[in-house]
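Undergrad:
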Amino acid sequence: MLYLDESAAAPVRREVLEAMWPHLTGYANPSSVHEPGAAASRALEAARAEVARHLNARPAEIIFTSGGTESDNAALKGIALADPRGRHVLISALEHPAVSESAAWLGRLGYEVETVPVDDDGVVTPAALAARLRPDTTLVSIHYANNEVGTIQDIAGLAALCAEQRVPFHTDAVQAAGTLSLDVQALGVSAMSLAGHKLGTPKGTGVLYLRRRTPFEPLIHGGGQQRDLRSGTENVAGAVGMATALQLASQSDVTGLAMRREGFIEAVLARVPGAQLTGHRTRRLAGHASFVLPGRSGESVLLDLERQGIFCSSGSACAAGSSEPSPALSAMGYSPEVAQTAVRFSFGDSVTSEDLDRAAAALPGGGPASQA
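Using the UniProt record's numbering, the letters of the sequence shown correspond one by one to residues 1 to 372.
1) Determine the direct distance from the alpha carbon of residue 94 to that of residue 304, and round the result to whole angstroms.
2) Excluding the 5 residues preceding and the 5 following residue 319 in the sequence, name in chain order all residues of the same chain whose CB lies nearer than 6 angstroms to its CB.
3) Just reading off the alpha helix (DSSP H) that residue 285 is part of, what are its end residues?
4) Is there contact here, the stretch 218 to 232 with the stretch 89 to 104, by at least three beta-carbon pairs under 8 angstroms?
5) On a Cα-Cα basis, can you pick out the residue from 340, 337 and 273 that is closest to residue 361?
6) Please classify residue 286: is it buried, with 16 or more other beta-carbons within 10 angstroms of its beta-carbon, or exposed?
7) Measuring alpha carbon to alpha carbon, tell me which of 213, 347 and 4 ends up nearest residue 256.
8) Which value, in whole angstroms, describes the spacing of the CA atoms of residue 372 and residue 103?
9) Alpha carbons only, please: which of 21, 135, 180 and 202 is nearest the one belonging to residue 163?
10) Going by Cα to Cα distance, which pick from 365, 359, 364 and 363 is closest to residue 1?
11) Alpha carbon to alpha carbon, what distance is there between residue 42 and residue 314?
12) Using the Cα positions of residue 161 and residue 139, report the straight-line distance between them to the nearest angstrom.
13) Taking residue 45 and residue 209 to be in contact with their CB atoms under 8 angstroms, please state how far apart those CB atoms are, rounded to whole angstroms.
14) Check for me: the alpha helix (DSSP H) holding residue 220 runs from which residue to which?
15) Should residue 251 be counted as a contact of the ligand HEM given a C-beta to heavy atom distance under 7 angstroms?
16) Check whether the Cβ atoms of residue 214 and residue 167 sit closer than 8 angstroms, and answer yes or no.
17) Within the same chain, show all residues whose beta-carbon is closer than 6 angstroms to that of residue 183, passing over the 5 residues directly before and after it, in chain order.
18) Going by C-alpha to C-alpha distance, which of 113, 51 and 342 sits closest to residue 76?
19) Quick check on DSSP: helix, strand or coil for residue 266?
20) Helix, strand or coil for residue 142? Go by DSSP, reduced to three states.
21) Going by C-alpha distance, which of 145, 222, 159 and 329 is nearest residue 283?
22) Do you know how far the Cα of residue 92 is from the Cα of residue 106?
23) Between residue 332 and chain B, is any beta-carbon pair separated by less than 8 angstroms?
24) Any idea if residue 68 is buried or exposed, counting beta-carbon neighbours within 10 angstroms, 16 or more meaning buried?
25) Taking the DSSP output, what are the residues bridged to residue 276?
26) Determine the direct distance from the alpha carbon of residue 206 to that of residue 352, and round the result to whole angstroms.
27) Excluding sequence positions up to five away, which residues of its chain have a Cβ less than 8 angstroms from the Cβ of residue 82?
28) Mapping the DSSP letters down to three states, classify residue 298 as helix, strand or coil.
29) Opposite residue 387 in the DSSP bridges: which residues?
30) Would residue 357 be called buried (16 or more neighbouring beta carbons within 10 Å of its own) or exposed?
31) Rounded to the nearest angstrom, what separates residue 264 and residue 35 at their Cα positions?
32) Thinking C-alpha only, which one of 115, 120 and 261 is nearest residue 129?
33) Using beta-carbon positions only, say whether residue 293 and residue 267 come within less than 8 angstroms of one another.
34) Between which two residues does the alpha helix (DSSP H) holding residue 244 run?
35) Leaving out the 5 sequence neighbours to the left and right, which residues in its chain are closer than 7 angstroms to residue 159 when beta-carbon positions are compared?
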């Protein structure tokens, strides 16, 4: 089996499971005052400190969640509901549904939700954002890197524009984690979302970074855990797994991964008639290559690859099964017919150049690897 769908979920790492195991088998509540509870609390706070270290943040700014979707929901709704400056929300045209649907929910409450367009490469330009910032803008949310086409945004530059007008800036960094810097001080963001299952943890673990003094209305109320920002008994094992996964990701050979990606892109474009790369040619995730194959059905290509033991996707896993063309590709100017021919390959350190050569050769018209 050749698994090339890590943008949807990465394989769980053995080291992560080993770090989590004592806390999966442990049962004490970290809020309990007895020694087993205190031990669980110490493990939780050590994990929080480790995550904060990787983000160049304060431990008190780290909120553990159930995943990227909860983190996105909490950021958009929590900041918008708490900020009295206005009721105008800006998001990009390529956001994950966790962001776009949260913004739509705010729209039903009377907020004005405006979409910032992207160029043909999926880039949000500073000019496009600046043209839409207003005195009553309460929040801007623009993803760090796109899950479908891999384009990386200039988050530091976009966040700086917002900072000039004191507008909170959130970024969904779920896809960026593991290959891009998550230094929140350098990025200048007010809030950032992460998901553990993109880094090698079991599904159901996430992080929301929330800068100190950022207005925030908690969405989950109860026992007051996590400084009253997200009540509920904490998932200690998940927090430990997240901290471990971030530590492991910091050791990844991102340069080597990007070189393998480049070789794969060149092979597909050279071998497959009509194939077009989607997303920015160079400002893209190290382990991400996405294409449209005009004249072919993306779903049929996926089925053909699966019969050969190669597993990838046609785009966002959260939109799998939809008959509608990708909103992201549509926003980038692709026709519905071409957008429905999309195929996405996403991979990590364990995938070799030989693996990618096999995938390129398996595409329709790709021919044997020796034809490269």
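In this text, a Cβ means the ideal position worked out from N, Cα and C, and glycines have one as well.
TA: Here's the rundown:
1) 28 angstroms
2) Legend: pLDDT at residue 319 = 49, less than 50; position of this residue unreliable, no value from coordinates given.
3) It is not in any alpha helix (DSSP H) - residue 285 carries neither H nor E in the DSSP assignment.
4) no
5) 273
6) buried
7) 347
8) Interpretation of residue 372 is limited by its pLDDT of 36, a score under 50 that renders its predicted location unreliable; no figure is taken from the coordinates.
9) 135
10) 359
11) 43 angstroms
12) 12 angstroms
13) With 8 angstroms as the limit, residue 45 and residue 209 do not qualify as a contact, their Cβ atoms being about 16 angstroms apart.
14) Here residue 220 belongs to no alpha helix (DSSP H), and DSSP marks it neither H nor E.
15) This structure simply doesn't include the ligand HEM, nor any ligand for that matter.
16) no
17) 56
18) 113
19) helix
20) coil
21) 145
22) 15 angstroms
23) Looking for chain B here will not work: only one protein chain is present.
24) buried
25) 292
26) 29 angstroms
27) 215, 216 and 217
28) helix
29) Residue 387 is absent from the structure shown; the chain starts at 1 and stops at 372.
30) buried
31) 53 angstroms
32) 115
33) no
34) 236 to 249
35) 169, 187, 188 and 189
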